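Chemist: Numbering (our numbering), first residue to last: 22 to 266.
(1) How many angstroms separate the CA atom of residue 136 from the CA atom of residue 116?
(2) For residue 142 and residue 43, what's the separation of their Cα atoms in angstroms?
(3) Are at least three pairs of beta-carbons, each pair with one atom in the region 76–85 and one in the region 43–63, less than 8 Å apart?
(4) Only counting runs of 3 or more residues, tell me where the beta strand (DSSP E) segments fall wholly within the region 183–265, in order along the chain.
(5) Grab me the residues of residue 155's own chain with a C-beta within less than 6 Å of its C-beta, minus the 5 sequence neighbours each way, in chain order.
(6) Look up residue 179 in the DSSP assignment and give the residues it is bridged to.
(7) Can the beta-carbon of residue 134 be found closer than 8 Å to that of residue 33?
(8) For residue 180 and residue 209, what's the separation of their Cα atoms in angstroms?
(9) Which stretch, first to last residue, makes up the alpha helix (DSSP H) that contains residue 35?
(10) Please classify residue 85 as buried or exposed, where buried requires at least 16 neighbouring CB atoms within 10 angstroms.
(11) Check the DSSP bridge columns for residue 24 and list the partner residues they point to.
(12) State yes or no: is the C-beta of residue 169 within less than 8 Å of the C-beta of residue 217?
(13) Identify whether residue 120 lies in helix, strand or coil by the three-state DSSP scheme.
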């Protein structure tokens, strides 16, 4: 058994408005499975497919209070493309953000609800990822995150150092998943988190048990009214184990 990353879950006070922003930012289509849920995926996409990690935006009343521990890095193909994308995102409502990055070649921004993201300078490694270059997770121990997620998912681990770990789908398509060492630690529940899913025919309960044996924990959230399972990785980052698909 194995899971794979299928989408990013992002909380928002106004899921419809934030969904419009991210749909325009990524050039993706918008759908909704019900009130308070905005689903974003490439036009014509057959979910799930490793060529893209989709975005689900879920309405929640609580405002953002701290820097997110999960964010998106957007890919560009040239310096001109990077400048154009930054300008277009500003027009859509994004703002420049300072997270202590200093003088770097990428641009740190925040969406209209304050969720940080980066517009990267052109990098050869991201030439074929699509608009999302990477899903980036802050980490105190990237090696341990690579160990856990490398066993949890069927994705390929490409690089592991004390400061960074990088993974990508086994098919070598779609965005990367990256764990970057940061000095801060998790203090509140994550407004942005990973959603993973087993494959069709696998057993949800058995997969949850396997992930617990690898080091996942139960975050103490009432799950009586949902059909999926909420767990936390070894650093306490919540993630959802969706039904097999």
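Note that CB positions come from ideal geometry on N, CA and C, so glycine has one too.
All values reported here derive from a predicted model rather than from experimental measurement.
Modeler: In short, the structure shows the following:
(1) Rounded to whole angstroms, the gap between the alpha carbons of residue 136 and residue 116 is 10 Å.
(2) 19 Å
(3) yes
(4) 185–189, 197–202, 213–219, 250–253 and 259–262
(5) 94, 196, 197 and 199
(6) Partner(s): none; residue 179 has no beta bridge.
(7) Yes. Within cutoff.
(8) One C-alpha to the other measures close to 29 Å.
(9) It is not in any alpha helix (DSSP H) - residue 35 carries neither H nor E in the DSSP assignment.
(10) It is buried - the Cβ of residue 85 has at least 16 other Cβ atoms within 10 Å.
(11) For residue 24, which the question treats as bridged, DSSP gives the partners 174 and 219.
(12) Their beta carbons are not under 8 Å apart, which means residue 169 does not touch residue 217 by this criterion.
(13) Three-state DSSP puts residue 120 in coil, outside helix and strand.
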